[in-house]
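Going down the list, the sequences are from chains A and B.
Heads up: the first sequence begins at 1 in full-length UniProt numbering, then just goes up one per residue.
Heads up: the second sequence begins at 1 in full-length UniProt numbering, then just goes up one per residue.
2 protein chains.
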Amino acid sequence: MREIGADELRHIARGAAILGTGGGGDPYIGRLVAEQAVLEYGPVLVAELHEVPDDALVAGIGMIGAPTVMIEKLPAGEEAVTAFLTLQREIGRPITHVLPIEVGGMNSLAPFPVAASLGLPVLDADCMGRAFPMVQMVVCTLDGVLARPLAVADEKGNSIVLDVHDNHWAERLARSATIGMGCTALMSSFPMSGKQARDITIPGTLTLAAKLGRLVERVRQQHVDPCQAIASFLGGEVLFTGKVVDVMRANDPGFAKGEARLEGDGASCRLEFQNEHLVASRDGEVVASVPDLICVLDAEGEPVPAERLRYGQRVAVLGAPCHPRWRTPEGLALVGPSAFGYSHAYSPLGGQ
Amino acid sequence: MREIGADELRHIARGAAILGTGGGGDPYIGRLVAEQAVLEYGPVLVAELHEVPDDALVAGIGMIGAPTVMIEKLPAGEEAVTAFLTLQREIGRPITHVLPIEVGGMNSLAPFPVAASLGLPVLDADCMGRAFPMVQMVVCTLDGVLARPLAVADEKGNSIVLDVHDNHWAERLARSATIGMGCTALMSSFPMSGKQARDITIPGTLTLAAKLGRLVERVRQQHVDPCQAIASFLGGEVLFTGKVVDVMRANDPGFAKGEARLEGDGASCRLEFQNEHLVASRDGEVVASVPDLICVLDAEGEPVPAERLRYGQRVAVLGAPCHPRWRTPEGLALVGPSAFGYSHAYSPLGGQ
């Protein structure tokens, strides 16, 4: 286990926002909430998966809802703690480790207020290896770990516990509840043993995010193109460079849905998103698609969350391979194009 | 305490559907569910309020959602038990008495499966003295008894517990959850002591419903006009008699909302409903309004739930005074015309 300091929080927020593929929450807000918690309660310990005892009780923490809304309806910092304590009370025994449910500017750091205030370690892992918009879109679903119980809390102190049949129902009912709470909330769920966490979750993603965040800062000082450096770090490629010429968005139902149109170099690019970027098309042809990562970066290599896309921004669109688990038939059924209603076949990035 | 037999269940269902003012659920479904429970587990005891010990733990049970949907998405019978047990687990001690949250064809009988299967008495009382569409529209809200915790369960065995600040938030989040469950569910909430139940709830409404149901059967045999007989039993009046010529309805958001137009005797009548009938207008003028009771009956005195209104029905529209608590300034603020977005002033029926 090692301590996470303020510097590393900044690197994690930036790197995780890149891996969050447009979703996973705003890195600035995520960093502020985590820094505030560390400032108030002291440093947080991060544990590697191999350090977790078999009989540990691990639970995930993450944002749910439309990130667009969270920019204005700021988290109070306490809702993750409320959700976590509600879950723990429902389970009836102490949870020993917290885990980011997904990688994201906000979501990789969402467990930190809980970890800091309750003195629990955060696991260096997550359940997606990126960000996805729905509750069931986690490796847990592939391995039979249920979102049961699932606690949701808002910044007003309201909380809800779900006891549901499967992770798709968890999504459906947690989403409804979140809409009632004003379209953003914090959730805690996926209780699992230490052994399950080791067997199931995607390891090292906090460290990966920190490395990526550090890389961005380093290459900037070296006057290297950060977008190319990030692409090559992730084994991906820059798919498009240009200017945002149109953005359409809606909060329906409880997601930040929309699309952006980009132009540059005599070509056009279309990005479709549901919290995360789902599909990138160049001149009408799909060039990257879920579950692969589609990241939008400004010229400094700063990740641009989907909810921050706006007319006139000059950006690069980057594609990178997802975790291999998502490329299996079960993985693709859960998070591939058809899971989002698309009819195109998935064509893996990165020459696999 | 006295036993309720199958005959009385029939009377309660019919009488409660009249008092349910178009809402409160379908009396046929309500009766079937209650009869099935009594058949399976044996008779149910009904307790008068004065028979409840001070330190009893009382909880309410009722349907939530759009009654239109419940006609097709039938209750399984077990969801009230699931909601009740979820609430009891959350509270952490045994609930001793169950209470209908509102009067209604379905809702007066909603506690019966719980009472029958768990051997608990049902209180001869409710929290509205009629039916209203929203969670906060109960005398409990006037007296500071909170819907906290509140459990919601669906026919698939999913359940949710809310822990919220006030009864308006309970409505908001329980409604969201219910929409996720498919627009109908059963809820259990308003835990209170026996003393509180005695001080707060509206007494004798199961007995009243049974009397009213019995009256309808009796006057039919005596060839008396049942609608006039019901009106005079309730101290109300027949406001309109005619034919339904148009019905508009929508399930939005999680309610059966709509309006019906009636014609007869050279006049027209408009009924606006949100689960329950809210306003009746004759030739454009409001003749009855929430919180007073507006009941639609066919020529046999059979109550017609708002979700069963259809073109061509010949019906009588009856108005009757509500419980005096709803006519106080606090009562009107909670359930009067303005609570439903109307600008008309409330003019009490029955010459008060």
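Virtual Cβ for every residue (Gly too), placed ideally from N, Cα, C.
Give, in chain order, every residue of the segment 172-190 of chain B whose Cβ lies closer than 9 Å to some Cβ of chain A. Listed in chain order, the positions of the segment 172-190 of chain B with a beta carbon within less than 9 Å of a beta carbon of chain A are R172, L173, A174, R175, S176, A177, T178, I179, G180, M181.
Please report the residue range of the alpha helix (DSSP H) in which K195/B lies. Element bounds for K195/B: 194-200.
8 Å CB neighbourhood of I202/A in its chain, flanking five on each side removed: Cβ within range, chain order: A125, D126, C127, M128, G129, V139, H323, R325.
By Cβ distance below 6 Å, which residues in the same chain neighbour S111/A in space, the five residues on each side in sequence not counted? At residue 111/A the sequence reads Pro, which differs from the Ser that was named. Excluding positions up to five away in sequence, the list reads I61, V98, P100, V122.
For a minimum of 3 consecutive residues, which ranges assigned as the beta strand (DSSP E) are wholly contained in the UniProt domain "S-Me-THD N-terminal" (8-163) of chain A? 44-47, 57-65, 97-100, 150-153, 159-163
For Q221/A, count neighbouring C-beta atoms within 10 Å of its own C-beta (all shown protein chains included) and say buried if the count is 16 or more, exposed if not. The residue in question, Q221/A, is exposed, as its Cβ has fewer than 16 Cβ neighbours within 10 Å.
Could you give the residue range of the beta strand (DSSP E) that holds G319/B? 314-320
Is it the case that the CB of H277/B approaches a heavy atom of the ligand COA more closely than 7 Å? For the structure depicted, the ligand COA is absent and the ligand set is empty, with no information on it obtainable.
State buried or exposed for Q352/B, treating a residue as buried only when at least 16 other CB atoms are found within 10 Å of its CB. Note that Q352/B scores a pLDDT of 48, beneath 50, so its modelled location is shaky; the value from the coordinates is reported in the next line. Exposed, by the Cβ-count rule.
Return the CA-CA distance between S268/A and V317/A, expressed in angstroms with no decimal places. 12 Å
Between the C-alpha atoms of D55/B and D163/B, what's the straight-line distance to the nearest angstrom? Between the alpha carbons of D55/B and D163/B lies a gap of roughly 23 Å.
What residue does the beta strand (DSSP E) around T241/A start on, and which one ends it? 237-251
Using 8 Å as the limit for Cβ to Cβ distance, is D163/A near chain B? yes
Quick one: grab the DSSP three-state call for S338/B. helix
Quick check: what's the CA-CA separation for S188/B versus E79/B? 10 Å
Tell me whether Q222/A sits in a helix, a strand or coil according to DSSP, three-state version. Looking at Q222/A - three-state DSSP - the assignment turns out to be coil, as it is neither helix nor strand.
I'd like to check one pair, L297/A with V315/A: are the Cβ atoms closer than 8 Å? At the C-beta level, V315/A and L297/A come within 8 Å of one another.
Whole-angstrom distance between M106/B and L120/B, CA atom to CA atom: 19 Å
Once you ignore the five residues that flank L109/A on each side, which residues in its own chain have a CB closer than 8 Å to its CB? L9, I12, A13, A16, G30, R31, V33, A34, P100
Would you say A306/B and G23/B are within 8 Å of each other, going by their C-beta atoms? yes
With a 10 Å radius around its C-beta and 16 neighbouring C-beta atoms as the bar for buried, classify A250/A as buried or exposed. exposed
Consult DSSP for V216/B and reduce its assignment to one of helix, strand or coil. Helix, per DSSP.
For the alpha helix (DSSP H) containing A260/B, list its first residue and its last residue. Run containing A260/B: none in the alpha helix (DSSP H); it sits in the beta strand (DSSP E), 256-264.
Buried or exposed for I4/B, going by 16 or more other Cβ atoms inside 10 Å? The residue in question, I4/B, is buried, as its Cβ has 16 or more Cβ neighbours within 10 Å.
Pull the bridge partners of E207/B from the DSSP assignment, please. Note that residue 207/B is Thr in the sequence shown here, rather than Glu. T207/B is not bridged to any residue.
Close beta carbons around V244/A, own chain, < 7 Å, minus the five adjacent residues each side: Only A260, L262, L309, R310, Y311, G312, Q313, V315 meet the Cβ criterion.
Pick from R2/A, G236/A, P337/A, P43/A that is closest to S117/A, judged by C-alpha positions: P43/A
Chain B contact residues for G157/A, given Cβ-Cβ distances below 7 Å: H165
Span of the beta strand (DSSP E) holding A345/B? Element bounds for A345/B: n/a, residue is neither H nor E.
Is G319/A near V287/A, with beta carbons less than 8 Å apart? Remark: C-beta atoms of G319/A and V287/A approach each other more closely than 8 Å.
Is the separation between the beta-carbon of I179/A and that of P226/A shorter than 8 Å? no
Using the beta-carbon of each residue, which ones in chain A are nearer than 8 Å to I160/B? I160, V161, L162, D163, L173, A177
Distance, Cα to Cα, S281/B vs V247/B? 15 Å
Under a three-way DSSP split, which group does H277/B fall into? In the structure shown, H277/B sits in a strand (DSSP, three-state: E or B).
Just the chain B side, please: which residues come within less than 7 Å of W169/A by C-beta, in chain order? N158
Please name the residue in E272/A, C295/A, E276/A whose C-alpha comes closest to that of E285/A. E272/A
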